[in-house]
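For reference, each letter of the sequence shown is one residue, going 579 to 779 in the numbering used here.
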Amino acid sequence: MTDTLSTSRQFSLVYINDIVVYSRSFEEHLNHLTQVLSALFKHNFQFNPSKCSIFHQQIDYLSHTISEHSVKPTNEKIQAIIKLRQPTKLAEANKFLGALSCYRKFISNFATIAAPIHAVKNLTKINRHKFEWGASQSQMFSQLKQLLITSPLFLDFSDDNYPVILTTDASEIGIGSTLQQNINDQIKNLYYHSQVLSSTQ
């Protein structure tokens, strides 16, 4: 399907058999929909009307709520993470960080905050019995959960009329960066990136 819609890549996303068409205005959206549908009909695709939804200003897609102004995690996914209990074994620690992985872009300095948890989960299969969950891991576990429900957990869309500000930071633990824009004296957060440094780095 990706190849079928190759000429519509600038305004459509394809994930397996789900298609999202996005536009800046209603008139533009009609044009984009016409192009997408024409390409699909040309290749004999069929649609189930009950599973089609058009003309929305907000949708839930791949665990994110996307509106005309911003993107944020869905409440359902956030609540699922909040309900996870303190890990008592390696698999549970991996599950917690795995659940957070696609939302780290919403949290400033995520890697530094999560570093104590990363430190105890990077064990080989034969060393899994050495897993230890201590006070520092427990504290960061609670802090990450708190950030999910108290931070302004959303990212703004960029505005092509304003320059992008890249801010970087580094420590012995990890590196981080932020993409922002200053629009009418308001700072808009576009993306957070962070990662833990390995011993060789």
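No residue lacks a Cβ here, since even glycine has one placed at the ideal position from N, Cα and C.
{"Asked": "Just how far apart, CA to CA, sit Val592 and Ala689?", "Found": "30 Å"}
{"Asked": "Any idea if Gln657 is buried or exposed, counting beta-carbon neighbours within 10 angstroms, 16 or more meaning buried?", "Found": "exposed"}
{"Asked": "By the three-class DSSP mapping on this structure, what secondary structure does Leu757 have?", "Found": "strand"}
{"Asked": "With C-beta atoms as the reference, is Asp734 less than 7 Å away from Ser603?", "Found": "no"}
{"Asked": "Quick one: what's Gln773 bridged to in DSSP?", "Found": "Ile753"}
{"Asked": "What runs of the beta strand (DSSP E), each 3 residues or longer, lie entirely inside the segment 640-692?", "Found": "642-645 and 648-651"}
{"Asked": "Around the Cβ of Ile594, are there at least 16 other Cβ atoms within 10 angstroms (buried) or fewer (exposed)?", "Found": "exposed"}
{"Asked": "Grouping DSSP H, G and I as helix and E and B as strand, with all else coil, what is Gln764?", "Found": "strand"}
{"Asked": "From Asn687 to Val774, what distance separates their C-alpha atoms?", "Found": "10 Å"}
{"Asked": "Report the rounded CA-to-CA distance for His642 versus Asn622, giving the unit in angstroms.", "Found": "30 Å"}
{"Asked": "Can you tell me whether Ile761 is buried or exposed, with buried defined as 16 or more other CB within 10 angstroms of its CB?", "Found": "exposed"}
{"Asked": "Using C-beta distances below 7 Å, list every residue in its chain close to Ser736, excluding the 5 sequence neighbours before and after it, in chain order.", "Found": "Val742, Gln759 and Leu768"}
{"Asked": "Taking only three categories from DSSP, how would you classify Val742?", "Found": "coil"}
{"Asked": "Just grab the DSSP bridge partners of Gln636 for me.", "Found": "Ser645"}
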